[in-house]
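Undergrad: Following this message is one structure expressed as structure tokens.
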Amino acid sequence: MDQFLNDMEKEKPIRFTSRQLKIATDNFSTLLGSGGFGAIYKGVFNDETMVAVKVLHGTSDKRIEQQFMAEVGTIGRVHHFNLVRLYGFCFDKNLRALVYEYLPNGSLDRFLFTQEKI
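Numbering (my numbering), first residue to last: 38 to 155.
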């Protein structure tokens, strides 16, 4: 895991501290949603960049580490205007998180897979 994190620091994603993410999310106060691997919170950095912070459940679970490496390793290296951008990550003792570009209108799947008729 250490080698993976060192390699990723050479790529585009930024390595954030848990303190930076707690400040940006106002102590994880605005929940945007949740899924199988974690909860997603809204955050704002000092430069007014809005982000979505996905906090992964569990800190020592092997599945969490695999999910973390898969997302950072793939999305962190891909840059395309049709894909959400991964700004960075946090891999501290007590916090595993992924920091994504914030989409104010939600993600595309909400529009593609909605049950409501338009």
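For glycine and all other residues, C-beta sits at the position ideal for the given N, C-alpha and C.
Which runs of the beta strand (DSSP E) fall wholly inside the segment 73-107 and span at least 3 residues, in chain order?
TA: Segments of the beta strand (DSSP E) lying fully in the segment 73-107: 75-81, 87-93.
Undergrad: Pull up the distance between the alpha-carbon of A134 and that of L58, whole angstroms please.
TA: Stepping through the sequence shown from its first residue, residue 134 is reached at position 97. Stepping through the sequence shown from its first residue, residue 58 is reached at position 21. The alpha-carbon atoms of A134 and L58 are separated by roughly 9 angstroms.
Undergrad: Is the beta carbon of L69 closer than 8 angstroms to that of I60?
TA: Within the sequence shown, the letter at position 23 stands for residue 60. Within the sequence shown, the letter at position 32 stands for residue 69. Not in contact: I60 and L69 (Cβ atoms no closer than 8 angstroms).
Undergrad: Less than 8 angstroms between the C-beta atoms of T62 and G73, yes or no?
TA: Your numbering for residue 62 matches position 25 in the sequence shown. Your numbering for residue 73 matches position 36 in the sequence shown. Not closer than 8 angstroms, so no.
Undergrad: Could you tell me the distance, in whole angstroms, from the CA atom of G110 to the CA atom of P50?
TA: Taking the sequence shown and counting its residues from 1, one reaches residue 110 at position 73. Taking the sequence shown and counting its residues from 1, one reaches residue 50 at position 13. Answer to the nearest angstrom: the Cα atoms are 10 angstroms apart.
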